[in-house]
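Each residue of the sequence shown is one higher than the one before, counting from 1165 in my numbering.
Read the structure below first, then the notes.
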Amino acid sequence: MKKEIYQGFHGVKDVAPDAVRGECVIDATLPDYQPEIRRIYSVSATARPSGKYVSGGKAEFAGTVVHTVLCGNADGGVSVLSLPGDYLFSFPCPDGCDPVPLPVAVDSPICRLTGPRRISIRTPLSAVARCYEEKESSPASPTLCADPDAVPLIHEIPLHRVETLSLRDVRLGDAIRTDGETKVLSAEATACVRDAQPTPSGVEVRGEAAIVLKLDRGDGVPSTVRRRIPFSDLIPWEGEPMTGGYASAWACVTSLDAAPSEGEIALDLTLDLFAEAVCQKNERGLVDLFSVKEPLAVRTEKIPVTDVCFSGGGVFTFEGDAGRSECNCEDAMT
């Protein structure tokens, strides 16, 4: 939604496209010392936080997608492969703008066996781009008029202030007890923010990290263990504190370590937290100038800015099923 304002006001405008799309493509060849692959049981993908590059009127976000592939080998055993791949998003961004870090959404990976030791993966990606440009015009002044008694007409219009915040390297830890000798085949984690509230000190973020482990307990049948770790952190303001308003936040898992040791598996998880806060502010600016002594011609200009109606988050659940052909995995299951 756009709002037109008069000369003398200041606001921000989102100049990025609503959404950007990309994909991560991997063609991997396994080394000869690894057994041949006969079946692919499951494939999952996790996007790591991206790096930001802005130059030449363009913003680029580059990062890594880590694919976890559960395979059935020619010798009858089960193995897990971790295959990273790069991704890149780009969109126009005027010079002087500061794009917000992109929360990257990963669609279902499409995986195929192209040989006994060759795997091809294509993972669609999407992200909502945010790039705010400050829009400002110099306010006129009655001193520009020869009449020192000219009467200015001042209007006050509600605008919005937008702040983006980040908190890096938030560490979480836990332990899962095990019976007997246990080998960790794979470890994956996702993070969900359930609540984000602006406070005088920053944005208070609460959520949880969901960890999924594939374990080999020595019987040749992989088992799955899940663990949720709650977190609560404060992302401090980077500039002037904001009062009131709304906030939305998201979290990205940057690293996960699952190490078996003395009857338990120690979990060490690192997150990056991001937040976007919005509050209403009032700007005062000169709209017109009136004089009984001198003829006046006041110039005004209209500036489009982004009018933020609401900024927040929600947690949604879903359930359902799909056939192999609908998931584009028919070739992978042969």
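Every residue gets a Cβ at the ideal spot worked out from N, C-alpha and C, and that includes glycine.
Computed from a predicted structure; not experimentally measured.
Given a cut-off of 7 Å, decide if residue j and residue i are closer than it, judged by their beta-carbon atoms.
i, j, result
"P1248", "T1278", "no"
"P1213", "T1418", "yes"
"S1396", "R1370", "yes"
"G1366", "P1400", "yes"
"A1223", "V1270", "no"
"D1432", "C1416", "no"
"I1201", "C1235", "yes"
"P1288", "L1453", "no"
"A1360", "L1336", "no"
"H1324", "V1442", "yes"
"D1333", "I1393", "no"
"A1567", "V1348", "Residue numbering for the chain in the displayed model covers 1165 to 1498; residue 1567 lies beyond these limits and cannot be assessed."
"I1204", "C1275", "yes"
"P1273", "V1207", "yes"
"I1190", "I1285", "yes"
Span of the beta strand (DSSP E) holding residue i?
i, result
"C1356", "1347 to 1362"
"E1368", "1366 to 1380"
"K1457", "That residue, K1457, is in no beta strand (DSSP E); it is neither H nor E in DSSP."
"S1214", "That residue, S1214, is in no beta strand (DSSP E); it is neither H nor E in DSSP."
"P1316", "1315 to 1341"
"T1232", "1222 to 1237"
"E1187", "1184 to 1193"
"V1292", "Where V1292 is concerned, there is no enclosing beta strand (DSSP E), given that its DSSP letter is neither H nor E."
"C1416", "1410 to 1425"
"S1396", "1387 to 1400"
"V1242", "1242 to 1256"
"R1116", "This structure leaves residue 1116 out entirely; the chain is present only between 1165 and 1498."
"V1268", "1268 to 1270"
Exposed or buried, residue i, counting other C-beta atoms within 10 Å across all chains shown (16 or more means buried)?
i, result
"C1356", "exposed"
"P1322", "exposed"
"Y1139", "Given a span of 1165 to 1498 for the chain in the structure shown, any question on residue 1139 remains unanswerable."
"A1183", "exposed"
"I1375", "buried"
"V1326", "buried"
"P1265", "buried"
"A1293", "buried"
"T1407", "exposed"
"P1263", "buried"
"E1440", "buried"
"C1295", "buried"
Residue i and residue j look like a contact to me (Cβ under 8 Å); what is the Cβ gap, rounded to whole Å?
i, j, result
"T1342", "G1427", "6 Å"
"A1226", "D1250", "7 Å"
"L1398", "E1368", "5 Å"
"D1259", "G1221", "6 Å"
Excluding sequence positions up to five away, which residues of its chain have a Cβ less than 7 Å from the Cβ of residue i?
i, result
"E1402", "L1329"
"R1381", "G1344, T1346, S1387"
"K1378", "L1234, V1244, L1349, S1350, P1386, T1388"
"A1496", "Caution applies to A1496, whose pLDDT of 33 falls short of 50 and renders its modelled position unreliable; the model cannot decide the point."
"E1187", "R1286, T1287, P1288, L1289"
Can you give me the Cβ contacts of residue i inside the same chain, cut-off strictly under 6 Å, excluding the 5 residues immediately before and after it?
i, result
"R1185", "S1290"
"L1420", "A1351, A1353, L1433"
"P1280", "E1200"
"Y1217", "E1224"
"R1448", "I1318, E1320"
"L1252", "A1226"
"F1438", "P1265, S1330, W1414"
"A1192", "L1247, I1283"
"P1405", "P1364"
Does the beta carbon of residue i fall short of 6 Å from some heavy atom of the ligand SAH?
i, result
"G1186", "Absent from the structure shown: the ligand SAH. Ligands present: none."
In chain order, what residues of the same chain have a beta carbon less than 8 Å from the beta carbon of residue i, not counting five sequence neighbours either side?
i, result
"D1196", "R1281"
"L1194", "I1201, L1245, R1281, R1282, I1283"
"D1239", "P1199"
"S1254", "V1184, K1222, A1223, E1224, F1225"
"N1446", "E1320, I1321, P1322, L1323"
"G1241", "P1199, G1384"
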